[in-house]
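I have placed the structure first, in the form of structure tokens, so that the comments after it can refer back to it.
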Amino acid sequence: MDELESRWNAIPWETVCRARGLGLACRLDRYLEEVAAVAPRAEAALAGRLRSELRDAVAGLAAPDELLAAVGAVHRELAYLPRAPLPAGVYGLLRDVLGQARDRDVVVAGVPEPVWPKAHQRPRRPVAVMPLAEGRNPLMWPLVALQAAALAGVHQPESYVEGAVGGGLWLALAEAALGSGTEARELWERGRGLLAPGDGEPDRPWQLARALAEGVLISGHRRGARNSGGEGIYSRLGQVQDDPAHPGEILGAGWIHWYARVAPELVELAEISGADGAWRRMRSLVDRVDDLLCRSLDVAAIHRFFAAGGSVE
Amino acid sequence: MILNESQILERLLSPDPARRLVVTPLLAPEQQFGPSSLDVRLGPDFKLVRTSRLTHLDPLKDPAEIEADVARYTENVVIQPGEPFVLHPGEFALASTLEFIRLPFDIAARLEGRSTWGRLGLEVHATAGFVDPGFSGALTFELKNSGKVPLPLYAGLRVAQLCFFQLSEASQLPYAAKRYTKYSGRMGTEGSQYFRDPEYAALRAVARMRLAGEDAARRSPGADGEAAP
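Below you can see the structure in the form of structure tokens.
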């Protein structure tokens, strides 16, 4: 068992809960920063004030539920600010899950309400919603796919989306349920069980998670990396090939990285968040993993497009 | 020393992290490798400047204000697989490599256009084609269509190439360790952070003093042609 697996196995539930609130606070702060940059003066000032309230909430070292509630209250204020566009990767994931024919039938909307719809709630109109601050968090995007699958009339949408994105769906559902019920722990164990490392060859999400820890894009898997045999250059080049990663593998790696590396570090930093630079480091930690995952999904989609000879299904 | 194709490949596959050159993903190595270069592809995100409300860029404003100005005047475009981004004649846009690139501390690189695209008038960088040892992230393209016809560009097209240079010894000041870096680790297309250059701090201080002096002169008796009592 290597260090990553040890960390994955050892994460306390308390850390999971606290990191959820801290992660959301960081993402909301980034959203507010970006909105303030393009907003008129009054809205920019409101965004600045909300950012300061967020930092106070994090520095207050409240219990996980209280922190989530405080961050949620700030999130609701987004109703008074201009909207930032959602990343294109959300639509890319929908296309991957539903297929090109159906991905454009659903409106995806960011909303100021910080709570995700319950999994069993079928939307009444063709609109899948997501809390605005989660827009840059691909780990939660399976919940948009779940709503879209229900809207598309898919039988047993949860099984369907799990088939497309893997155990990450249950971890996203667990995180969404934190602070609003007791089912979160059960969902979390289910997701963790599906992502647990196998006994044989390292699973692909685990391989990708190791690359993610090194800060490297995880849009694909390299074949032939250890095999440079052969005489001619084309023979050697022919043995090297990157295969595009599946969105479920990228998201699985993201969850492994989140629980094994990011969540414990966030909680540690939050304890000194009053200190100079700690909040900035928390933001940078979350920004970095979000950016890597978003870009990995985007690049993998382009890679798959060419690998399939132009098919986007 | 410029690396040849075998040396580039050996670095890409090196099990030693200190020697390893990271260029990922490699969609088609057989097409991408040249005798002393590696083709790189166009990523899906672009930045354009909306000039209709922009009189000029004032580097002497407060950096936060400049950043807000730049954000207000920049249009971000992200294209889906198979969807074109059309660069019209004379138009300038920022874009980035599809590939994530990480250079070891003993390798520098240079970004160059491909003649295939040069013949159509596409320039991939205006001036900044050099990549320092230790750089990590996506490289920026400064795209300009110098031709006469609009060019539809698609994510994944091989629009440029990288040449790699081996240093006689590893840098002690790789890009990632520099105190004043602005673009390390960036994943997509990033606009200029020119206003963060430390020289502007001195220039801003002088500009503030000049403004304060002018303000004081305006307020002093006799300003604006008023006769002193």
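As you go down the protein sequences, you meet chains A and B in turn. The opening residue of the first sequence carries number 0 in numbering that gives the first Met the number 0; numbering runs sequentially from there. The opening residue of the second sequence carries number 0 in numbering that gives the first Met the number 0; numbering runs sequentially from there. Think of the CB as a built atom: it goes at the ideal place given N, C-alpha and C, for glycine as much as any other residue.
Inset, instruction - Using DSSP bridges, identify the partner residues of A101 of chain B. - result: Counting from 1 along the second sequence, the entry for residue 101 of chain B is found at position 102. Strictly speaking, residue 101 of chain B in this sequence is Arg, with Ala absent from that position. Per DSSP, B:V21 and B:S135.
Inset, instruction - Helix, strand or coil for R209 of chain B, going by three-state DSSP, please let me know. - result: Mapped onto the second sequence, residue 209 of chain B falls at position 210. R209 of chain B: helix per DSSP, three-state reduction.
Legend entry - Burial state of R209 of chain B (16 or more Cβ within 10 Å): Counting from 1 along the second sequence, the entry for residue 209 of chain B is found at position 210. It counts as exposed.
Legend entry - Where the beta strand (DSSP E) through F163 of chain B begins and ends: Residue numbering aside, residue 163 of chain B sits at position 164 when the second sequence is read from its first letter. That run of the beta strand (DSSP E) goes R157 to Q165.
Inset, instruction - Identify each residue in the region 188-214 of chain B for which the Cβ-Cβ distance to at least one residue of chain A is less than 8 Å, and report them in chain order. - result: none
Legend entry - Opening and closing residue of the beta strand (DSSP E) in which M129 of chain A lies: Residue 129 of chain A sits at position 130 when you count from the first residue of the first sequence. V126 to P130 is the extent of the beta strand (DSSP E) around M129 of chain A.
Inset, instruction - Evaluate contact between the region 130-142 of chain A and the region 156-171 of chain A, counting only Cβ atoms and requiring at least three cross-stretch pairs below 8 Å. - result: yes
Legend entry - Distance, L193 of chain A Cα to H245 of chain A Cα: Here the question's residue 245 of chain A lines up with position 246 in the first sequence. Here the question's residue 193 of chain A lines up with position 194 in the first sequence. So the alpha carbons of these two residues sit roughly 16 Å apart.
Legend entry - Interface positions of the region 139-167 of chain A facing chain B (Cβ-Cβ less than 9 Å), listed along the chain: none
Inset, instruction - Give, in chain order, every residue of the region 226-252 of chain A whose Cβ lies closer than 8 Å to some Cβ of chain B. - result: S227, I232, Y233, R235, L236, G237, V239, Q240, D241 and P243
Legend entry - Residue from A:A208, A:Y79 and A:A18 with nearest C-alpha to A38 of chain A: Against the first sequence, residue 38 of chain A aligns to sequence position 39. For A38 of chain A, the nearest C-alpha among the options comes from A:Y79.
Legend entry - Selection from A:C16, A:L31, A:K117 and A:D55 that minimises the alpha carbon distance to L67 of chain A: By one-based count along the first sequence, residue 67 of chain A stands at place 68. L67 of chain A has its Cα closest to that of A:C16, out of A:C16, A:L31, A:K117 and A:D55.
Inset, instruction - Using a Cβ-Cβ cut-off of 9 Å, state whether P228 of chain B counts as contacting chain A. - result: Here residue 228 of chain B corresponds to residue number 229 of the second sequence, with the count starting at 1. At P228 of chain B, the pLDDT of 47 sits below 50, so the modelled position is not reliable and the matter cannot be decided from this model.
Legend entry - Partner residues on chain A for A154 of chain B, Cβ-Cβ distance less than 8 Å: The residue you call residue 154 of chain B lines up with position 155 of the second sequence. Against chain A, the beta carbon of A154 of chain B has neighbours under 8 Å at I301, listed in chain order.
Inset, instruction - Using 8 Å as the cut-off, classify the Cβ of A154 of chain B as near or not near the heavy atoms of the ligand SAM, replying yes or no. - result: Ligands in the displayed structure: none, and consequently the ligand SAM is not present.
Inset, instruction - Counting only the same chain and skipping the five closest in sequence on each side, list residues whose C-beta sits under 6 Å from that of K143 of chain B. - result: Residue mapping note: residue 143 of chain B aligns to position 144 of the second sequence, counting from 1. So the qualifying residues of the chain are F91 and E122.
Inset, instruction - Would you check if there are 3 or more beta carbon pairs closer than 8 Å linking the region 79-94 of chain B to the region 44-62 of chain A? - result: Below 8 Å, too few C-beta pairs join the region 79-94 of chain B and the region 44-62 of chain A to call them touching: fewer than three.
Legend entry - E312 of chain A versus R124 of chain A: straight-line alpha-carbon distance, rounded: Stepping through the first sequence from its first residue, residue 312 of chain A is reached at position 313. Stepping through the first sequence from its first residue, residue 124 of chain A is reached at position 125. Below a pLDDT of 50, predicted positions are generally treated as unreliable, and E312 of chain A, at 45, falls in that range; no measurement from the model is reported.
Inset, instruction - Please classify T181 of chain A: does DSSP put it in a helix, a strand, or coil? - result: Sequence index remark: in the first sequence, residue 181 of chain A carries index 182 (1-based). If DSSP states are grouped into helix, strand and coil, T181 of chain A belongs with coil.
Inset, instruction - Kindly say whether A35 of chain A, judged by its beta-carbon, lies nearer than 9 Å to any beta-carbon of chain B. - result: Translated into positions along the first sequence, residue 35 of chain A becomes position 36. By this cut-off, A35 of chain A is an interface position.
Inset, instruction - Return the Cβ separation of G136 of chain B and A94 of chain B in integer angstroms, given the expectation that the two are a contact with Cβ distance under 8 Å. - result: Position 137 of the second sequence, counted from the start, is the residue given in the question as residue 136 of chain B. Position 95 of the second sequence, counted from the start, is the residue given in the question as residue 94 of chain B. Cβ-Cβ separation between G136 of chain B and A94 of chain B: approximately 14 Å, too far for a contact (criterion under 8 Å).
Legend entry - Length of the line joining the Cα atoms of A212 of chain A and Y258 of chain A: The sequence position of residue 212 of chain A within the first sequence is 213, counting from 1. The sequence position of residue 258 of chain A within the first sequence is 259, counting from 1. Rounded to whole angstroms, A212 of chain A to Y258 of chain A spans 12 Å at the Cα level.
Legend entry - Own chain partners of R303 of chain A with C-beta closer than 7 Å, once the 5 adjacent residues on each side are dropped: For the purposes of this step, residue 303 of chain A is identified with residue 304 of the first sequence, where counting begins at 1. Excluding residues within five positions, the ones whose Cβ falls inside 7 Å are P243.
Inset, instruction - Indicate whether at least one CB of chain B lies closer than 9 Å to the CB of C293 of chain A. - result: To locate residue 293 of chain A, count along the first sequence from 1; it is residue 294. Output row for C293 of chain A: interface = yes.
Inset, instruction - Would you mind stating whether A87 of chain A and D297 of chain A have Cβ atoms separated by less than 9 Å? - result: Within the first sequence, the letter at position 88 stands for residue 87 of chain A. Within the first sequence, the letter at position 298 stands for residue 297 of chain A. Yes.
Inset, instruction - May I have the straight-line CA-CA distance separating S5 of chain B from A169 of chain B, to the nearest angstrom? - result: In the second sequence, counting from the first residue as 1, residue 5 of chain B sits at position 6. In the second sequence, counting from the first residue as 1, residue 169 of chain B sits at position 170. Whole-angstrom Cα-Cα distance: 20 Å.
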